[in-house]
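**Student:** One structure is given below, represented as structure tokens, and several questions about it will come after.
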Amino acid sequence: MQSSSKLFPVALVSAELRGDLVEDVYRLKPNNSPDRSVELALTRLGLAGAARRGVPVILLHGGFANRRCWYSAGGHGLGAWLARAGFDVWLAEMRGHGLSPRNQRYRNNCMSDYARHDLPAIAAFVAEQCGRPAHWLGHSLGGLSVVAALGCGALAAGQVASLTLFGCQVRRLHWSLKVPPLVWALRLWLRGREQLSAGRQSLGPEDEPLGIVCDALRWYGLWGRFGVAGEDWAAALRTLQVPVLAVAGAGDRTDPAGACRELLECFAAAPRAYLCLGRAQGFAEDYGHAGMLAGRHAPREVWPLIEHWLQHRCLPATVGEASATFA
1 MQSSSKLFPV ALVSAELRGD LVEDVYRLKP NNSPDRSVEL ALTRLGLAGA ARRGVPVILL
61 HGGFANRRCW YSAGGHGLGA WLARAGFDVW LAEMRGHGLS PRNQRYRNNC MSDYARHDLP
121 AIAAFVAEQC GRPAHWLGHS LGGLSVVAAL GCGALAAGQV ASLTLFGCQV RRLHWSLKVP
181 PLVWALRLWL RGREQLSAGR QSLGPEDEPL GIVCDALRWY GLWGRFGVAG EDWAAALRTL
241 QVPVLAVAGA GDRTDPAGAC RELLECFAAA PRAYLCLGRA QGFAEDYGHA GMLAGRHAPR
301 EVWPLIEHWL QHRCLPATVG EASATFA
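Residue numbers 1 to 327, in full-length UniProt numbering, belong to the letters of the sequence shown in order.
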């Protein structure tokens, strides 16, 4: 079968018409990591009958999730909204998630793999198809993977037209992860496991490999740091000039709004904007971790703001106290 790319083998798995949208599913085999079995699913959404492609946007799901957090089987979601607004939307699924098959070393999949190998391959393929850098949107772990790729230098600032982070932070989680004996007990419980099951914990539709779980234990521990040995990814962000929007939910107990703002402030040299979704800021509810993407009021209150940000790299003046823009 002929590859859909000159960069590395890419197969067009399916091409379907979903109502007013075109859905093309690609499977990338970049062969750029130690585990050569890795294949990545990338779904493109476009408006059927459009004369030309719009501005590319890459959406990355969070932990225990897949592309359906952006685009439901019924054709709804922020991904579909942006496609109908004329953007060229690409939904990436991490190793072993959604339509991406499990690789041989699935248990060891970690943030460094996503940042150094997978996201650069996705960026290169989308740029090849669209002829320009894409805007990146990431929810929770998906947003952190882009931050990590920028922090370690695997993604250059020129490959990211803008970055939108939904519920992303690297400072705070449950207090128990700050107590070394409890962390030791948790690591002992995880020993020998391949994954953390989402079903038993009611965390989402997908499992997470042990490597990602161990990453989180390190980041949120008592002396945690977002990075790997010899690298502080958060500190490396200070000189980047990529436009960044941080979206936080006032009711988010997983990634609190204050911690999301702390991560945004790491982009010291970048044009930045902060959006807190809560009643105190004039929204209909205090949005939670998942609700900021798929809540009852999100299509009316949140999605148009994201569309405006992607078009103008700023938030509407009508948002008022809900936003803060930094120099």
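Each residue gets a CB set at the ideal place from its N, CA and C atoms; glycine is no exception. What you are looking at is a predicted structure, and each value in this text was computed from that prediction instead of being measured.
At which residues does the beta strand (DSSP E) containing ASP88 begin and terminate?
**Tutor:** Note, ASP88: beta strand (DSSP E), 88 to 93.
**Student:** Over the uninterrupted beta strand (DSSP E) stretch that includes ARG27, give me the two end residues.
**Tutor:** First-last of the beta strand (DSSP E) with ARG27: 21 to 28.
**Student:** From the DSSP output, in three-state form, read off CYS260 for me.
**Tutor:** Helix, per DSSP.
**Student:** Could you say if the segment 127 to 137 and the segment 160 to 173 meet the contact criterion of at least three C-beta pairs nearer than 8 Å?
**Tutor:** Short answer: they touch.
**Student:** If we call anything under 8 Å between Cβ atoms a contact, is LEU293 one with VAL57?
**Tutor:** No, the pair does not count as a contact, with Cβ atoms beyond the cut-off.
**Student:** How would you write the range of the beta strand (DSSP E) that LEU17 sits in, first residue to last?
**Tutor:** Segment 10 to 18, the beta strand (DSSP E) holding LEU17.
**Student:** On the DSSP bridge assignment, give the partners of THR164 in chain order.
**Tutor:** Partner(s): LEU137 and LEU245.
**Student:** Could you check if GLN281 belongs to the surroundings of the ligand NAD, using beta carbon to heavy atom distance under 7 Å?
**Tutor:** Among the components modelled here there is no ligand, and therefore nothing to report on the ligand NAD.
**Student:** Using a 10 Å radius around the Cβ and a threshold of 16 neighbouring Cβ atoms, would you call GLN169 buried or exposed?
**Tutor:** Flag for GLN169 reads buried.
**Student:** State yes or no: is the C-beta of ALA124 within less than 8 Å of the C-beta of LEU7?
**Tutor:** Cβ distance < 8 Å, so ALA124 and LEU7 count as in contact.
**Student:** Return the CA-CA distance between ALA327 and PRO271, expressed in angstroms with no decimal places.
**Tutor:** Annotation note: pLDDT 43 at ALA327 (below 50); position unreliable, no value reported.
**Student:** Once the 5 residues before and after SER5 are set aside, which same chain residues still bring their CB inside 7 Å of it?
**Tutor:** For SER5, where only same-chain residues beyond five positions count, the Cβ hits under 7 Å are PHE125 and GLU128.
**Student:** Sort ALA73, ALA149, TYR71 and GLN2 by Cα distance to ALA235 and report the nearest one.
**Tutor:** Here the closest residue by C-alpha is ALA149.
**Student:** Between ALA317, GLU307 and LEU177, which lies nearest to ASP88 when the distance is taken from Cα to Cα?
**Tutor:** Residue GLU307 is the option with its Cα nearest to ASP88.
**Student:** Straight-line CA distance for VAL10 to PRO181?
**Tutor:** Approximately 46 Å, taken between the alpha carbons.
**Student:** Against chain D, does MET111 count as a neighbour if the rule is that its beta carbon must be under 8 Å from one of theirs?
**Tutor:** The question asks about chain D, but that chain is absent: this structure has only one protein chain.
**Student:** As a quick exercise: from GLY63, PRO30 and ARG313, pick the residue whose alpha carbon is nearest that of PRO209.
**Tutor:** Closest option to PRO209, Cα to Cα, is GLY63.
**Student:** Between the alpha carbons of ALA269 and GLY288, how many angstroms are there, rounded?
**Tutor:** Going from the Cα of ALA269 to the Cα of GLY288 covers about 29 Å.
**Student:** Using CA atoms only, rank isn't needed, just tell me which of ARG53, GLY49, LEU59 and LEU277 is closest to GLU301.
**Tutor:** The option with the nearest alpha carbon to GLU301 is LEU277.
**Student:** Looking only at its chain, what residues have a beta carbon closer than 6 Å to the beta carbon of GLU321, apart from the 5 residues adjacent to it on each side?
**Tutor:** Confidence in GLU321 is poor, its pLDDT being 49 and thus under 50, which makes the residue's placement unreliable; the coordinate value appears in the next sentence. So the list reads GLN281, once near-sequence residues are dropped.
**Student:** Between the Cα of SER100 and those of TYR71, SER112, ALA65 and LEU78, spot the shortest distance and give me the residue it belongs to.
**Tutor:** Ranking the options by Cα distance to SER100, first place goes to ALA65.
**Student:** Which same chain residues end up closer than 8 Å to CYS69 when comparing Cβ atoms and leaving out the 5 residues on each side of it in sequence?
**Tutor:** These residues qualify, in order along the chain: HIS61, GLY62, GLY77, HIS139, ALA290, LEU293 and ALA294.
**Student:** Does DSSP classify VAL302 as helix, strand or coil?
**Tutor:** Note: VAL302 maps to coil in three-state DSSP.
**Student:** Expressed to the nearest angstrom, what Euclidean distance is found between the alpha-carbon atoms of ASP255 and LEU196?
**Tutor:** The straight-line gap from Cα to Cα measures roughly 19 Å.
**Student:** Do GLY249 and GLY142 have their CB atoms nearer than 8 Å?
**Tutor:** Cβ atoms of GLY249 and GLY142: not closer than 8 Å.
**Student:** List the endpoints of the continuous alpha helix (DSSP H) containing PRO120.
**Tutor:** PRO120 -> alpha helix (DSSP H) spans 119 to 130.
**Student:** For LEU240, which residues from the same chain have a beta carbon less than 8 Å from its beta carbon, with the 5 sequence-adjacent residues on both sides left out?
**Tutor:** Only LEU150, ALA157, PHE267, ALA269 and ALA270 meet the Cβ criterion.
**Student:** Using the C-alpha atoms, what's the distance from ALA317 back to GLY192?
**Tutor:** So the alpha carbons of these two residues sit roughly 53 Å apart.
**Student:** Using the C-alpha atoms, what's the distance from ARG187 back to HIS312?
**Tutor:** Looking at the two C-alpha atoms, the distance is approximately 45 Å.
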